[in-house]
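Protein sequences, first through last, are from chains A and B.
In short: position in the first sequence from 1, add 233, done, that's my numbering.
In short: position in the second sequence from 1, add 7, done, that's my numbering.
By construction, the Cβ of each residue, glycine as well, lies at the ideal position given by its N, Cα and C atoms.
Encoded as structure tokens, the structure appears first; notes follow it.
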Amino acid sequence: MNYVTVGVRQFQTFYLLAIMLLLQACAGANPIAKAETTEQRAFATYGTFVIIEEQAAKLVSSGQISDSAVRAIARADSQVKSVADSLLDATLEFTVIRAEFEAGDTGEERFVRAMNELNGWVERARPLIANLISAVKGAE
Amino acid sequence: MGIVELALVAIKGLSVVLNNPALGGGSSVKLDQASELLALLGELLTRGDEAHDELVAFTKVVEGMAAEGRQPNKVEWDALRGRSDAAHSIIQEAAAAIEEEETEQVFLEELTKAELLEQAERDGISVPASATKAQIIELLEAVEE
């Protein structure tokens with residue numbers, strides 16, 4: 234493993250660690266803890282990611298970090314965004330299936346499968362550090 | 008929790024990562040890389056007030072959603088995705104600009120002094136006769152910036 238790979242992993246870790254630390258440190262600012270349904274949890278997770286991503290954007294625009302740091306953040310951002318966007322897509326798909334289920338247009342099995350799939354995404358996204366590292370390891 | 012305590016929590020958490028090979032840390036982590044990470048984290052925390060306020064506001068949105076027993080709607084999802092896409096673009100464009108700058112630098116370094124002088128002439132840059140290759144590159148880059 235070269236230092237570039239190590240650097241990318243560190244920034245992925247850093248990036249997601251920041252989310253978890255913020256959530257841990259700010260008891261009054263934990264959207265995920267306030268969510269009660271799967272869709273709300275997904276929304277809270279994605280929203281938290283967006284807030285941190287915007288902070289990362291400000292950081293790279295600040296001109297106060299090295300070029301290598303900007304590159305590493307950009308790589309980490311790409312990886313995190315793809316996980317987060319998959320979560321978002323799964324939620325939107327689930328919303329449609331739930332509406333169909335409530336209207337009696339689809340069976341319970343499909344609804345439960347979609348809910349399980351979404352719960353799976355949420356569970357993978359919530360411990361974001363472990364999730365992303367696993368995704369990177371799985372891709373190797 | 009104040010910013011100092013928050014920073015301590017953050018650094019403590021980061022040190023766990025840096026010392027754990029399973030999390031991408033461990034003996035292969037160079038001290039300067041670790042310092043850079045800490046500096047970055049510090050930078051993030053310094054700007055953390057704004058993020059904290061946003062997080063508090065967003066928590067209230069989610070809390071309200073839960074109290075009303077409603078699910079996030081498409082408009083709310085689209086708004087978040089739009090913000091993410093915008094931030095993503097800023098980050099990726101910053102990285103692309105660095106990449107481009109480095110590519111240009113490599114391109115210029117590969118040119119001979121005569122070729123650099125031709126390039127300078129085309130760009131309308133006046134180059135002293137005694138200028139070295141490195142100085143001509145500097146002049147070309149300065150004009151581009």
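In the DSSP assignment, the alpha helix (DSSP H) including residue 110 of chain B goes from what residue to what residue? 81-117
Measure the C-alpha to C-alpha separation of residue 316 of chain A and residue 289 of chain A and round it to an integer number of angstroms. 17 angstroms
Once the 5 residues before and after residue 268 of chain A are set aside, which same chain residues still bring their CB inside 6 angstroms of it? 274, 277
Please state if the CB of residue 283 of chain A and the CB of residue 90 of chain B are separated by a distance shorter than 8 angstroms. yes
Work out the CA separation of residue 71 of chain B and residue 11 of chain B for me, nearest whole Å. Here residue 11 of chain B scores only 40 on pLDDT, less than 50, and its place in the model is too uncertain to base an answer on.
Decide if the region 96-113 of chain B is in contact with the region 293-312 of chain A; the criterion is three or more beta carbon pairs, one per stretch, under 8 angstroms apart. yes
With a Cβ-Cβ cutoff of 8 angstroms, do residue 272 of chain A and residue 339 of chain A count as a contact? no
Could you list which residues in chain B have their beta carbon closer than 7 angstroms to that of residue 263 of chain A, in chain order? 66
Is it buried or exposed for residue 109 of chain B, if we count other Cβ within 10 angstroms and need 16 for buried? exposed
Thinking residue 143 of chain B and residue 123 of chain B are a contact (beta carbons under 8 angstroms), I'd like their distance in whole angstroms, please. 4 angstroms
Residue range of the unbroken alpha helix (DSSP H) whose run includes residue 271 of chain A: 271-294
Measure from the C-beta of residue 115 of chain B to each C-beta in chain A and report whether the shortest distance is under 8 angstroms. no
With C-beta atoms as the reference, is residue 134 of chain B less than 8 angstroms away from residue 146 of chain B? yes
Measuring straight from C-alpha to C-alpha, what distance separates residue 345 of chain A and residue 299 of chain A? 48 angstroms
How would you call residue 81 of chain B, buried or exposed, if buried means at least 16 neighbouring beta carbons within 10 angstroms? exposed
Residue closest to residue 332 of chain A, alpha-carbon to alpha-carbon, out of B:114, B:77, B:100, B:96: B:77
Looking at the unbroken alpha helix (DSSP H) that takes in residue 134 of chain B, where does it start and where does it end? Run containing residue 134 of chain B: none; DSSP gives neither H nor E here.
Element boundaries [alpha helix (DSSP H), containing residue 298 of chain A]: Where residue 298 of chain A is concerned, there is no enclosing alpha helix (DSSP H), given that its DSSP letter is neither H nor E.
What does a CB cutoff of less than 7 angstroms around residue 93 of chain B pick up in its chain, not counting 5 residues either side in sequence? none
Residue-level contact to chain B via CB, residue 312 of chain A, 8 angstroms cutoff: no
DSSP three-state call for residue 64 of chain B: helix, strand or coil? helix
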